[in-house]
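Working notes, beginning with the structure itself.
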Amino acid sequence: MVKWTRAGLTMVLAVILTFVVAACGDKKDNAKDQSSQVSSQTTEGAASDEASKPSGDKIKVNIAINGGLSPLIIAQAKGFYEEAFSKLNAEVVWSKFPSGPPLLESLVAGRVDLSFLGDGATIAGISNQLPFEIIGLSSEGKSGARLLVPPSSPIQKLEDVKGKTIGLPKGTVANVYLIKVLDAVGLSISDVNIINLQMEDAQAAFESGKLDGWVAWDPYITQNVNNGKARIVESDTVVLSPTSLIAHTKFAKEHPELVVEFLKVYKQTVDYELANGDESAQIFSEQTKMSVDTVKQVLANSSPILSAYTQAALDAQQASGDILLENQYIKNPITFKDAVNDTFVTEALK
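According to our numbering, the sequence shown is numbered sequentially starting from 2.
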């Protein structure tokens, strides 16, 4: 379980800002990254500390969606959490983030109670002792990220990227992927020029020719390949990028029954998505503005799960932590398994 102290909050936040959101740009760019908070009972608005305070006797539960085609999008659209939590005298406050680093900032500020993270942000958070614990495995990460280049690019293999300009959001799955595949062909991250861009900004930069390559994840991979805007530079290296469900440490301690219920509803949503493919694709399409056909193609490349952490996933995360430390992307070594608390998911899956 990750521990933290209020006295160390300032230092921790400074470090995480340096590692996972450094080079995000000026204040205008940072404003883009900051997500809007959406209450299930109110219209869309900015998050505030008031959102976390009880309304009457009800407990506010801050659930964050972290990019991609997450089952949480289905749960929000169907009202699954609102229905379940109302029986436990709790209500939901929804928020959305483009990636893990800005989500971690809100978590430190106490505006995220429950969510999920890719490997890079999870490892950075553990290294900096941020106030969360890992409560379940939501993806083994077999698809993960890919390196995209323009169709006419001279880059044909990974070795060709030396000296090139590559866009990606630092401290994310994409960042870890590039480090690992470059290492496999005898290159390091210092052999390329990294531009720190969130996915939407990277899309614009890629289309305008400002990037030689872009490390993206789905749905951006599928969309750009289907539209003829990009091709994939394949790697022979299998990179696992497990996704972790997380809970704020304080919230988990004070409301363990709500953490268990969160996981129960998550499992309910996973089962619903898999059993109702057409309806789920339509919901994702409406929420993401992608075509239904593209959504179905993305969903076919991966399958959501809920389980306790497997040994394979633990090993993959530890290996990623070690390589991030070696490349000086994190300052403190981690023991990934120590941040995992399987008691909640074990109870939820009974």
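Glycine is no exception: its CB is placed at the ideal position from the N, C-alpha and C atoms. On a predicted model such as this, the values are computed, not experimentally measured, just so you know.
Own chain residues within Cβ distance below 7 Å of residue i, not counting five before or after
i	result
Val3	The predicted model places Val3 with a pLDDT of 41, which falls under 50 and marks its position as unreliable, so this point remains unresolved.
Ser281	Ile75 and Glu274
Lys230	Glu208
Asn90	Asp58, Lys59 and Ile60
Asp343	Ala309 and Tyr310
Val226	Arg232 and Ile233
Lys283	Just to set this straight, residue 283 is Gln in the shown sequence, not Lys. Cβ within range, chain order: Val293.
Start-to-end residues for the alpha helix (DSSP H) that takes in residue i
i	result
Ala65	That residue, Ala65, is in no alpha helix (DSSP H); its beta strand (DSSP E) goes Ile60 to Asn67.
Val346	Thr344 to Ala349
Asp316	Gln312 to Glu327
Spatial neighbours of residue i in its chain, beta-carbon cut-off 6 Å, leaving aside the 5 residues before and after
i	result
Pro152	Arg232
Lys28	Confidence is the limiting factor: at Lys28 the pLDDT is only 38, short of 50, which leaves the residue's position unreliable and the question unanswerable from this model.
Pro72	Thr270, Val271, Glu274 and Pro305
Glu1	Absent from the structure is residue 1, since the part of the chain shown begins at 2 and ends at 351.
Ser286	Val293 and Val296
Gly121	Gly172, Thr173, Val174, Asn176 and Val177
Val266	Phe81, Tyr82 and Ala85
Tyr310	Leu138 and Val341
Gly168	Ile196, Leu198, Ala203, Ala206, Leu212 and Trp215
Phe117	Asn67, Ser139, Thr244 and Leu246
Lys268	Leu307
Phe252	Asp114
Ala78	Ile284
Burial state of residue i (16 or more Cβ within 10 Å)
i	result
Lys97	buried
Gln312	exposed
Ala301	exposed
Gly69	buried
Thr176	For the record, residue 176 in the displayed sequence is Asn; it is not Thr. It counts as buried.
Ala276	exposed
Gln224	buried
Pro102	buried
Lys351	exposed
Ala205	exposed
Gly119	buried
Lys88	exposed
Ala248	buried
Asp202	buried
Asn67	buried
Asn109	Strictly speaking, residue 109 in this sequence is Val, with Asn absent from that position. By the 10 Å Cβ count, Val109 comes out buried.
Pro243	buried
Gly278	exposed
Val240	buried
Glu235	exposed
Glu255	exposed
Lys143	exposed
Glu258	exposed
Ala349	buried
Sequence-distant residues of the same chain with beta carbon closer than 8 Å to residue i, five excluded per side
i	result
Asp237	Ala185
Asn328	Ile180, Ser189 and Ile190
Gly322	Ile124, Ile127, Ser128, Ile331, Pro334, Ile335 and Phe337
Pro220	Gly69, Leu70, Thr289, Met291, Thr295, Val296 and Val299
Leu315	Phe337, Lys338 and Val341
Thr44	Bear in mind that a pLDDT of 33 at Thr44, under 50, signals an unreliable position, so the number given afterwards is only what the model happens to contain. Cβ within range, chain order: n/a, list empty.
Lys356	Nothing can be reported for residue 356: it is not among the residues displayed for the chain, which extend from 2 to 351.
Lys165	Ile156, Val193, Asn194, Asp213 and Gly214
Leu183	Leu159, Val162, Ser189, Ile190, Asp192 and Val193
Leu10	Any reading at Leu10 is ruled out, since the residue's pLDDT is 39, under 50, leaving its predicted position unreliable.
Ser303	Ser140, Lys143, Ser144 and Asp219
Thr347	Ala309
Boundaries of the beta strand (DSSP E) in which residue i is found, first to last residue
i	result
Ala146	Ala146 to Val150
Residue i: CB within 7 Å of a non-hydrogen atom of the ligand NAD
i	result
Asp294	In the structure on display, the ligand NAD does not appear, and there are no ligands present to speak of.
Whole alpha helix (DSSP H) elements within the stretch 74–132, 4-residue minimum | 81–87, 101–109 and 120–128
Decide if the stretch 139–147 is in contact with the stretch 193–202; the criterion is three or more beta carbon pairs, one per stretch, under 8 Å apart.
-> no
Minimum length 4: unbroken alpha helix (DSSP H) runs contained in the stretch 259–302 | 278–289 and 293–301
Can you give, in chain order, each stretch of the beta strand (DSSP E) that sits fully within the stretch 181–254 and has at least 3 residues?
-> 194–197, 214–218, 232–234 and 244–249
The stretch 204–216 in contact with the stretch 254–263 per 3-pair CB rule at 8 Å | no
Go through the stretch 153–179 residue by residue and report every complete run of the beta strand (DSSP E) that reaches 3 residues or more, in order.
-> 166–169
Would the stretch 159–178 and the stretch 99–113 be scored as touching if the rule is three or more Cβ pairs under 8 Å?
-> yes
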